[in-house]
Amino acid sequence: MGFLTRIWAIAWKDILAELRAREMVLSMFLFGFLVILIFNFGIEPGLREMNLVRPGVFWSAFIFAGMLGLNRSFAGEKENDCLQGLLLCPVDRAEIYVGKFLANCVFTIVMGFFVFIFFAALYNVDVLAVGFPLAVIVVLAAVGFSSVGTLFAAVSVGLKARDVLLAILLFPVMVPVILAAAKSSGVVLDGSGLGSAGLWLGLLLVYDVVFFSISVVTFEYVVEE
Amino acid sequence: MSVGSSEMQTLPSNPEPDRGRPLWLDILGIATVILVLVDLFGALLWVPREVQMGDVQRIFYFHMPSAWLALGPAFTVVFICGILYLWKKELLYDRIAVASAEIGVVFTTITLVTGPLWAKPIWGAYWTWDPRLTTTLVLWFIYVAYLMVRSSFPEGHRRARLLAVVGIVGWVDVPIVFMSIRWWRTIHPTLVSAQGMDMDPSMQAMLVFSLGVFTMLYVYLMVVRVGQETVASRLGRISQQIHIR
Amino acid sequence: MTPAPGIDEVSGRIRGTDPAEIEVKGLWKYFGHFPALRGLDLQLGAGRFLTVFGPNGAGKTTLIRVLSTQLIPSEGCVRIGSVDVDTDTTALRRRIGVISHNTFLYSNLSAVENLRFYGRMYGLEDLDTRIGDLLVQVGLKDRQEDLVAAYSRGMQQRLSIARALLHDPDIMFLDEPYTGLDQHASRMLREVLDTLHTGERTLMLTTHNLQQGLEMCDEVAIQVDGRLVYQEEVSRIDQAEFRNTYFECVGKGGGWVS
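Residue numbers (this note's numbering), protein chains in the order written: chain A, 1 to 225; chain B, 1001 to 1245; chain C, 2001 to 2258.
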């Protein structure tokens, strides 16, 4: 199963490089925390409708912090023209995509985890009760986010306005993910189980499958010159 | 190997002098303008006043065709041309796609402006989070992003490939966005979203006519725009060649 | 698809395949409207070593990038080893090695990690031994655990050479490889080229350094404005004369010089 080795090699290379550099991961966490903090100052604490608002706060932080990670995923390839080195290898472009996608998923999920801890502290969330269902939602959202995110990050790599363009491209396409994630986590945070959020989870799943497939197929067109 | 300067080998020979715009295009243009004026007259003056909503309802004859063209043909053409380009590698498909995206953004903007103008007197708020209108707003952002990608890259096959991919992803996203917003709204229906309009035959006829006129406008603008892009491309190539020693 | 490689007992090379000839006809490459390559023709026999000279902007890097499958030709025909570059590009990539002024190395990874990564990408067996041998050959064995970010430019280029040789390519493209190299690395590169230049591999090097370029090759060519305007066996030219020829070609800009 050669392709699995290669995909894993690419994903691991990204993760290892990032662990060594540490800068981007740290920035992601800090930025996520800051977003939550800023939102907090914008909203009256102890608001009765806080339960309606807090999922939105978390997911906004998640998306913004996630964006930082996506930019990183190809920035490392730009240095020393590593992307060219990778493209020179006898590797299917789809494998490169899946490898990078996996690395991005890992970073996004880890970021989601830490941001959630911070969020739980500020909003008095019973972590033990909602931890597992929320983890499921975070994973599904991270997959959807990373799938299109990796593809679009490859589109905007090398441009001067790279960060802005990536955000403008990605956010509208992310609307279903944000909606579904916010709605289902709202349900879970209010005490119901994952079952009540079934509709939204289904939407997330469909989104993930559809956009992962499209991205796998179209990545080679984005990355070839 | 041939001796002789490079210029002679690289300028395209152009035996046919340019004929300028073909006659049928001009006729189409004039006909379109006339029909748009007829449409304006019809919607604003001729068609009877709607019972419940009053004169404000007349905006619907522009709002609905714009919305339909934007959500339907305009961006579907972008999608199909994207696939066709990736398959055939002909830049013509890229030109058609950008023309459709630009005109689509125009129609989307018209929809987004006429919608709130209509909503305010009727429902008391500019924005009602109506699923169709909200999806249109997201659509607007997607295709503005498409145009921004276009202006960030120099003309050529690489840009066409990137745009094709963006166009494909954007178009697939729209139905998913619509469904998610619809579910969102039905679970929390805090604002009115029903259309509730009484339409007598003349009003229905007016609507169909308006739809036809807008479609014709779309087609005309498309032909003009694609022609522009083709000429611009040739011009770009020729001026590049003139700059080479 | 070619199967994964094993070590050939006789030649000592990993691959049992032969060096490939390069055949280019009417190659055009546009960047936007700008033609970097303008109907370029090139023939290089298998196992031969060609040096391409040319001023900046002649399109030498673009030529290397097209031939090494990094870029898709806009027009024209490129065949390597009688195989069109478009068909089965993946198999072709297994046989191609590139050394460029970019090192293709990940700064946050160590030398060993970089080589291991590329080794996995090429599906090589017995990776650790091979990496060890190569690192000894380029003189970086004792610094193998250090991050590439800590390497000097010369060391990075040496590691890049090891990276390019990892999968024992049949065809090697070297794009201005001496750029920014110190004495030590330059000498090492020359040694490596010497060991490569045995007729078992096809080599193509671009440079604008006339002396370095003429040292080892079988054939020379001059590229100006996206085309080759001169190609000759090195045995048939007078090295002093060649300097004049070169400036004549560059001055003429476009026409073939015989």
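All residues carry an ideal CB built from backbone N, CA and C; glycine is no exception.
Where residue i meets chain A, residues with beta-carbon distance less than 7 Å
i: B:D1173; result: V173
i: B:M1148; result: L165, I168
Member of the options whose CA lies at the smallest distance from the CA of residue i
i: A:D81; options: C:S2100, C:N2108, C:M2172, C:I2072; result: C:S2100
i: A:F212; options: A:P172, A:E224, A:K100, A:F113; result: A:K100
i: B:L1025; options: B:I1238, B:E1229, B:L1235, B:L1221; result: B:L1221
i: C:Q2212; options: C:L2174, C:R2236, C:E2200; result: C:L2174
i: A:R72; options: A:V136, A:L4, A:S27; result: A:S27
i: B:H1063; options: B:L1092, B:G1042, B:V1113; result: B:V1113
i: C:A2149; options: C:V2066, C:T2103, C:G2251, C:R2120; result: C:T2103
i: B:E1155; options: B:D1094, B:T1186, B:W1129; result: B:D1094
i: B:T1111; options: B:S1100, B:L1137, B:E1102; result: B:L1137
i: B:V1105; options: B:V1144, B:A1119, B:I1083; result: B:V1144
i: B:L1092; options: B:V1226, B:L1235, B:A1232; result: B:V1226
i: A:S147; options: A:D14, A:V216, A:T5; result: A:V216
i: B:G1167; options: A:V177, A:F152, A:G158; result: A:F152
i: B:A1031; options: B:E1102, B:Y1218, B:S1151, B:W1129; result: B:Y1218
i: A:A11; options: A:F33, A:L86, A:I117, A:G186; result: A:L86
i: B:L1040; options: B:R1161, B:M1206, B:E1229; result: B:M1206
i: A:F33; options: A:S60, A:R20, A:A154; result: A:S60
i: A:E225; options: B:R1158, B:G1042, B:G1115, B:G1072; result: B:R1158
Cross-chain neighbours of residue i in chain C, by beta carbon under 8 Å
i: B:R1237; result: H2033
i: B:E1155; result: G2032, H2033
i: A:R20; result: N2108, L2109, L2147
i: A:L16; result: N2108, L2109, E2113
Nonlocal neighbours in the same chain, by C-beta distance under 6 Å from residue i, ignoring five residues either side
i: B:V1192; result: Its pLDDT being 44, under 50, B:V1192 is placed unreliably by the model, and nothing is read from it.
i: A:F119; result: I36, F58
i: C:Q2231; result: A2221
i: C:G2180; result: R2153
i: A:I7; result: E95, V98, G99
i: A:L222; result: For clarity, residue 222 of chain A is Val in the given sequence; the question names Leu instead. Closer than 6 Å at the Cβ level, and outside the excluded window around A:V222, lie A154, V155.
Chain C residues whose Cβ lies nearer than 7 Å to that of residue i
i: A:T5; result: R2120
Contact set for residue i: own chain, Cβ-Cβ below 8 Å, skip 5 residues either direction
i: A:A9; result: G99
i: A:R162; result: N71, S156
i: A:V136; result: L194, L201
i: B:A1194; result: With a pLDDT of only 44 at B:A1194, under the threshold of 50, the placement of this residue in the model should not be trusted, and no figure is reported.
i: C:V2024; result: L2040, D2041, L2042, Q2043, L2067, G2076, C2077, V2078, R2079
i: C:K2141; result: G2132, L2135
i: B:T1190; result: For B:T1190, the predicted structure reports a pLDDT of 44, less than 50, and the residue's modelled location is therefore unreliable. A value from the coordinates is still provided. Excluding residues within five positions, none has a Cβ falling inside 8 Å.
i: A:E18; result: M24, V25, R72, G76, A103, F107
i: B:T1109; result: W1140
Proximal residues of chain A, C-beta to C-beta of residue i below 9 Å
i: B:A1164; result: T218, Y221
i: C:T2103; result: N80, D81, C82, G85
i: C:G2123; result: G2, T5, R6, P90
i: C:L2159; result: By Cβ distance, chain A contributes nothing, its closest Cβ being about 11 Å from C:L2159, past 9 Å.
i: B:R1158; result: E224, E225
Chain-order list of residues whose beta-carbon lies under 7 Å from that of residue i (same chain, five-residue window excluded)
i: A:V130; result: V188, L189
i: B:I1238; result: none
Integer-rounded CB distance, given that residue j should sit under 8 Å from residue i
i: B:P1131; j: B:R1182; result: 4 Å
i: C:T2206; j: C:I2022; result: Rounded, the Cβ-Cβ distance is 13 Å, inconsistent with contact.
i: C:E2233; j: C:L2050; result: Going by Cβ atoms, the distance from C:E2233 to C:L2050 rounds to 10 Å, so no, they are not a contact pair.
i: C:P2019; j: C:I2161; result: Going by Cβ atoms, the distance from C:P2019 to C:I2161 rounds to 18 Å, so no, they are not a contact pair.
i: B:L1163; j: B:A1097; result: 7 Å
i: C:A2111; j: C:Q2144; result: 5 Å
i: C:F2053; j: C:Y2178; result: Going by Cβ atoms, the distance from C:F2053 to C:Y2178 rounds to 13 Å, so no, they are not a contact pair.
8 Å Cβ cut-off: residues of chain B touching residue i
i: A:A161; result: S1152
i: A:I214; result: I1168, V1169, V1172
i: A:V148; result: V1169
Near the ligand SAM: residue i beta-carbon under 7 Å from a heavy atom
i: A:G193; result: As presented, the structure is devoid of all ligands, the ligand SAM included, so that no description of it is given.
Listed by chain order, chain A residues near residue i by CB distance under 8 Å
i: C:T2206; result: Near C:T2206 there are no residues of chain A at all, since even the closest Cβ is about 16 Å away, more than 8 Å.
i: B:S1180; result: V175, P176, L179, A180, L203
i: B:R1161; result: Y221, V222, E224
i: C:S2068; result: L88
Contact list for residue i against chain C, beta-carbon separation under 9 Å
i: A:G76; result: Y2106, S2107, N2108
For this session: Could you list the residues in the region 179-209 of chain A with a C-beta less than 9 Å from some C-beta on chain C, going in chain order?
Result: Residues of the region 179-209 of chain A that bring their beta carbon within less than 9 Å of a beta carbon in chain C are absent altogether.
Exercise. What residues in the region 1127-1143 of chain B bring their beta carbon closer than 7 Å to a beta carbon of chain A?
Worked result: V1138, F1141, I1142
Problem set entry | Against chain A: residues of the region 1061-1082 of chain B by CB proximity under 8 Å | none
Exercise. Going along the region 2227-2247 of chain C in order, which residues come within less than 9 Å of chain A, judged by CB to CB distance?
Worked result: none
For this session: Compile a chain-ordered list of the residues in the region 1084-1107 of chain B whose CB is closer than 8 Å to at least one CB of chain A.
Result: L1086
Exercise. Looking at chain C, which residues of the region 1212-1240 of chain B have a Cβ within less than 7 Å of any of its Cβ atoms?
Worked result: For chain C, the residues of the region 1212-1240 of chain B that bring a beta carbon within less than 7 Å of one of its beta carbons are G1236, R1237, Q1240, in chain order.
Exercise. Between the region 2077-2091 of chain C and chain A, which residues of the former have CB atoms less than 9 Å from a CB of the latter, in chain order?
Worked result: T2089, T2090, A2091
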